[in-house]
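J.: Protein chains in written order, with the numbering used here: chain A, 764 to 1133; chain B, 1418 to 1880. All residues carry an ideal CB built from backbone N, CA and C; glycine is no exception. As the structure is a computational prediction, the values presented were derived from the model and not from experiment. Have a look at this one before I ask anything.
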């Protein structure tokens, strides 16, 4: 077993809630992972038969309950290799496994594309940072903005510009370059407010806003008891959105005041890292749910009702310790009963046998995620 | 319209089936705009197999809305079988002409206006709009049946001399009388074919049965159950619900009679479908036997055929108990014969050359790794084989299915061995990609444990 991973698992924290893992085994899909005190991952699975409660299982117990796909076995191997667990590090592992093709060609292409986009966006973030710093120092960015440059040429010019900026701030050129690279890496998942192209998490916030509105509209027009589940999921989304917007505002304010790069960088780095990490936690699990809801937008009402049960089962509640509501604020027992009544279970769930058609539906959803 | 003109419409529709999807749909849209004219119905008959595949949005019309509650019972004239409480589509145009003549014009105009104003995607609104139509239409159908029975001239002029049409009209009338209930229930249940039911779905069905007659009069729900069994993947589930229903006093006999009738219909329908599955519905259109109309791609065709076999086997398995209750040796023998027929169908059409198809798709491109589109087809091919393997026990074809799977596994092993022994295999990303392609097929065919075992072995050799 690998060394103990550092993740805050004190009661009521994001760490205790765990990180959602896009497994392809239907019964494991979106299970949450958290390390035990010994550092071994354990998995939190919403009740299989739609009832309330949560199963907490170490990986070695899973084969006695269900057949796990090869993708999930390789993903588990990759998770064990991680030095630290966070939604971001887990995402990297997920994409690397997905890119092998073990979850199918479409999912593989999507992962490769996403990894390339991530790398490109990080470069763009660094470039934007340099331009903004030059503007701040009232220096000419003309050369850097010229078109038709090669990547290495652009990097050389950026280093020169950062060297000049460092000189003005009495910082060695290498230190300035290192600070900008560090900040760009930290902030890239969200993106700078000055950058027209949105970062991944900023986009997810926008998509979640759209989904919340869609859920509210759906809840208002569905006259069955399932509308209560829609209200719950929309409210859960709203809580995540409110906190995310607050974090985004703080992060954007920090990123607009870039003078701190040359000043108290340690404090800036810690604050930005905290903001970005927290946004990662707040959005964790939502991209899959957004795609799941999108996938039934043109489906008949009954399919949407059944999917709503799945959204309710997987909706990531914000833990109390992180500013979320007490679970007693929701009538979870009543909602759980509604969900159970509307849940259709395939025959295979009782035997734990793998339903490859269901696996492929999950793989298709993975191919739409980034 | 004259007969030659009708023939021209049908000929045009047949020609249209040879066009591209886009052109075909364009012609369909133009025909739709012509409305309910003689000959158009025949043209749609010719186009239907492909329309079933393309599923273009249909313009709601008053006649379509009128027949909607019963649409699950409709069969094309070529495959219609008597005495199964089904309705031939060939009967519908005449039925509608006669019903329309008996309906109050103001009411029909009102419905037509309602159809124009309502959102056609909202079945609940459409059901509200159609409610008066179903009620009055059911009465009109009763009057038509009555007249046909007592007025030979009327019967011959409209339906010919075949009394079976009267049974079809009776079925339509029974279903339309409960049109609102049926349409409401459809909205509360999963899409057809209905696989699994949630607790809420079972409750919805039970509450409709209770609402219509409950323990005192189970027969009252018969039309609803007839439609439901036609929508279910495993109609035996509905029969079981009926068998389990608590009844009181005299209604026990009524419930048993209903169970017997419905079981006979369900089993008969499954046998009918089994009998026709290997035959083309419209031989004149050049559809080869053992094919699903409208599906061009051979791999898609394979998947569709496996799905048909699975659906029928599932259906037959689900009615086992009901067949046992019937204690009718003839039906039991027919069910056994149907199983054997499905088994033969799977052997010849699904399993046929599956190993060659898979080898051509996977290893026929000449490159190291299979191109993505071919890989998808290879996956679909082995999925069809896997589907057949699940049925093998029920159909008595285990030996043949196992042989095919073994042959494919051997081919994968041979190809993987050849690829990994080639110089430069280690570190070649194409080899690695193909390793995962092979593993995908192994996982589908032999399960995840076997796929993991092979991964560990192959990965060690390539590392």
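1) Unbroken alpha helix (DSSP H) runs of length 4 or more, entirely within the stretch 818 to 850 of chain A: which are they?
2) Using the C-alpha atoms, what's the distance from residue 1823 of chain B back to residue 793 of chain A?
3) What alpha helix (DSSP H) runs, 4 residues minimum, are completely inside the stretch 1627 to 1690 of chain B?
4) Does any CB atom of chain A fall closer than 9 Å to the CB of residue 1800 of chain B?
5) Return helix, strand or coil for residue 805 of chain A, following the three-state DSSP convention.
6) Since residue 1889 of chain B is in the alpha helix (DSSP H), which residue starts that stretch and which ends it?
7) Any beta carbon from chain C within less than 9 Å of residue 1856 of chain B's own beta carbon?
8) Of all the residues that make up the stretch 887 to 918 of chain A, which are near chain B by a beta-carbon distance shorter than 7 Å?
9) When Cβ atoms are compared, which residues of the stretch 1615 to 1637 of chain B fall closer than 7 Å to chain A?
10) Taking C-beta to C-beta, are residue 1719 of chain B and residue 1801 of chain B nearer than 9 Å?
11) Given residue 917 of chain A, which residues of its chain have a CB within under 8 Å of its CB, disregarding the five upstream and five downstream residues?
12) Answer with yes or no whether the minimum CB distance from residue 1536 of chain B to chain A is below 9 Å.
13) Checking contacts by CB at 9 Å: is residue 1805 of chain B closer than that to chain A?
14) Would a check of beta-carbon distances place residue 1104 of chain A closer than 9 Å to chain B?
15) With a threshold of 9 Å between beta carbons, is residue 1868 of chain B in contact with chain A?
16) Under 9 Å, Cβ to Cβ, is there at least one residue of chain A near residue 1577 of chain B?
17) Quick check on residue 1438 of chain B: does DSSP put it in helix, strand or coil?
18) Taking the alpha-carbon positions, what's the residue 1020 of chain A to residue 961 of chain A distance?
19) With a cut-off of 9 Å, does the C-beta of residue 1130 of chain A fall near any C-beta of chain B?
20) Classify residue 1491 of chain B as helix, strand or coil using the three-state DSSP reduction.
21) Roughly how many angstroms lie between the CA atoms of residue 1050 of chain A and residue 923 of chain A, to the nearest whole one?
22) Please decide whether residue 1821 of chain B counts as near chain A, where near means a Cβ-Cβ distance under 9 Å.
23) Is the CB-CB distance between residue 1075 of chain A and residue 995 of chain A below 9 Å?
24) Residue 1046 of chain A lies in the alpha helix (DSSP H); which residues open and close that run?
25) Under DSSP, the beta strand (DSSP E) around residue 794 of chain A begins and ends at which residues?
26) Whole angstroms are fine: how far does the CA of residue 1492 of chain B sit from the CA of residue 1440 of chain B?
27) Helix, strand or coil for residue 783 of chain A, going by three-state DSSP, please let me know.
28) Would you identify the three-state DSSP class for residue 1785 of chain B, choosing helix, strand or coil?
29) For the structure I just gave you, are there three or more beta carbon pairs, one from the stretch 1112 to 1132 of chain A and one from the stretch 1050 to 1064 of chain A, closer than 8 Å?
30) Could you tell me which residues DSSP pairs with residue 1504 of chain B in its beta bridges?
31) Assign residue 1081 of chain A to one of three DSSP states: helix, strand, or coil.
32) Give every residue of the same chain whose Cβ lies closer than 7 Å to the Cβ of residue 974 of chain A, excluding the five residues on either side of it in the sequence, and list them in chain order.
33) Beta carbon of residue 1767 of chain B, beta carbon of residue 1805 of chain B: below 9 Å?
34) Closest by CA to residue 953 of chain A, which one among A/1044, A/1129, A/1073 and A/802?
35) Taking only beta-carbon positions, decide if residue 857 of chain A is within less than 9 Å of chain B.
36) Which residues, in chain order, does the stretch 1580 to 1606 of chain B contribute to contact with chain A at a C-beta distance below 8 Å?
T.: On the basis of the coordinates in this document:
1) 825 to 828 and 833 to 844
2) As a position in the first chain, residue 793 of chain A is number 30, starting the count at 1. As a position in the second chain, residue 1823 of chain B is number 406, starting the count at 1. Spanning the two alpha carbons is a distance of roughly 35 Å.
3) 1639 to 1648 and 1653 to 1661
4) By 1-based counting over the second chain, the position of residue 1800 of chain B is 383. By this cut-off, residue 1800 of chain B is an interface position.
5) Taking the first chain and counting its residues from 1, one reaches residue 805 of chain A at position 42. Strand, per DSSP.
6) Nothing in the structure corresponds to residue 1889 of chain B, since chain B is present only between 1418 and 1880.
7) The structure shown has no chain C; the protein chains it does contain are A and B.
8) none
9) 1615, 1616 and 1617
10) Translated into the one-based positions of the second chain, residue 1719 of chain B becomes position 302. Translated into the one-based positions of the second chain, residue 1801 of chain B becomes position 384. Yes, the pair counts as a contact, with Cβ atoms nearer than the cut-off.
11) If you number the first chain from 1, residue 917 of chain A lands on position 154. For residue 917 of chain A, where only same-chain residues beyond five positions count, the Cβ hits under 8 Å are 890 and 907.
12) In the second chain, counting from the first residue as 1, residue 1536 of chain B sits at position 119. For residue 1536 of chain B, the answer is no, since every Cβ of chain A falls outside 9 Å of its Cβ.
13) As a working mapping, residue 1805 of chain B is identified with position 388 in the second chain. No, no contact with chain A.
14) By one-based count along the first chain, residue 1104 of chain A stands at place 341. It does: the Cβ of residue 1104 of chain A has a partner Cβ on chain B nearer than 9 Å.
15) For the purposes of this step, residue 1868 of chain B is taken as residue 451 along the second chain, with counting starting at 1. With 9 Å as the cut-off, residue 1868 of chain B counts as an interface residue toward chain A.
16) In the second chain, residue 1577 of chain B corresponds to position 160, counting from 1. No, residue 1577 of chain B lies away from the interface with chain A (no Cβ there is under 9 Å from its Cβ).
17) Within the second chain, residue 1438 of chain B is the residue found at index 21, counting from 1. Note: residue 1438 of chain B maps to helix in three-state DSSP.
18) On the first chain, position 257 is the one that residue 1020 of chain A refers to. On the first chain, position 198 is the one that residue 961 of chain A refers to. About 19 Å.
19) Start at 1 with the first residue of the first chain, and residue 1130 of chain A comes out as number 367. Answer no: the Cβ-Cβ gap between residue 1130 of chain A and chain B never drops below 9 Å.
20) Numbered from 1 along the second chain, position 74 holds the residue referred to as residue 1491 of chain B. It is a strand residue.
21) The residue you call residue 1050 of chain A lines up with position 287 of the first chain. The residue you call residue 923 of chain A lines up with position 160 of the first chain. Near 39 Å, if we compare the C-alpha coordinates of residue 923 of chain A and residue 1050 of chain A.
22) Stepping through the second chain from its first residue, residue 1821 of chain B is reached at position 404. Taking Cβ atoms only, chain A never reaches closer than 9 Å to residue 1821 of chain B, which makes this a no.
23) The residue given as residue 1075 of chain A occupies position 312 in the first chain. The residue given as residue 995 of chain A occupies position 232 in the first chain. Cβ distance < 9 Å, so residue 1075 of chain A and residue 995 of chain A count as in contact.
24) Here residue 1046 of chain A refers to the residue found at position 283 of the first chain. 1028 to 1046 is the span of the alpha helix (DSSP H), which, as asked, contains residue 1046 of chain A.
25) The residue you call residue 794 of chain A lines up with position 31 of the first chain. Taken as a continuous stretch (DSSP letters only), the beta strand (DSSP E) holding residue 794 of chain A covers 794 to 798.
26) Counting from one through the second chain, the residue named residue 1440 of chain B turns up at place 23. Counting from one through the second chain, the residue named residue 1492 of chain B turns up at place 75. So the alpha carbons of these two residues sit roughly 26 Å apart.
27) As a first step, residue 783 of chain A is located in the first chain; it is residue number 20 there, counting from the start. Three-state result, residue 783 of chain A: strand.
28) Residue mapping note: residue 1785 of chain B aligns to position 368 of the second chain, counting from 1. Note: residue 1785 of chain B maps to coil in three-state DSSP.
29) yes
30) In the second chain, the residue the question calls residue 1504 of chain B occupies position 87. Beta-bridge pairing links residue 1504 of chain B to B/1491.
31) Against the first chain, residue 1081 of chain A aligns to sequence position 318. Three-state result, residue 1081 of chain A: coil.
32) Residue mapping note: residue 974 of chain A aligns to position 211 of the first chain, counting from 1. If we look at residue 974 of chain A and ignore the five residues flanking it on each side, its Cβ neighbours are 1000, 1053 and 1056.
33) For the purposes of this step, residue 1767 of chain B is taken as the residue at position 350 of the second chain. For the purposes of this step, residue 1805 of chain B is taken as the residue at position 388 of the second chain. Yes. Within cutoff.
34) Here the question's residue 953 of chain A lines up with position 190 in the first chain. Taking only the C-alpha atoms, the option nearest residue 953 of chain A is A/1044.
35) As a first step, residue 857 of chain A must be located in the first chain, where it is residue number 94. No - not a single Cβ of chain B is within 9 Å of the one on residue 857 of chain A.
36) 1604, 1605 and 1606
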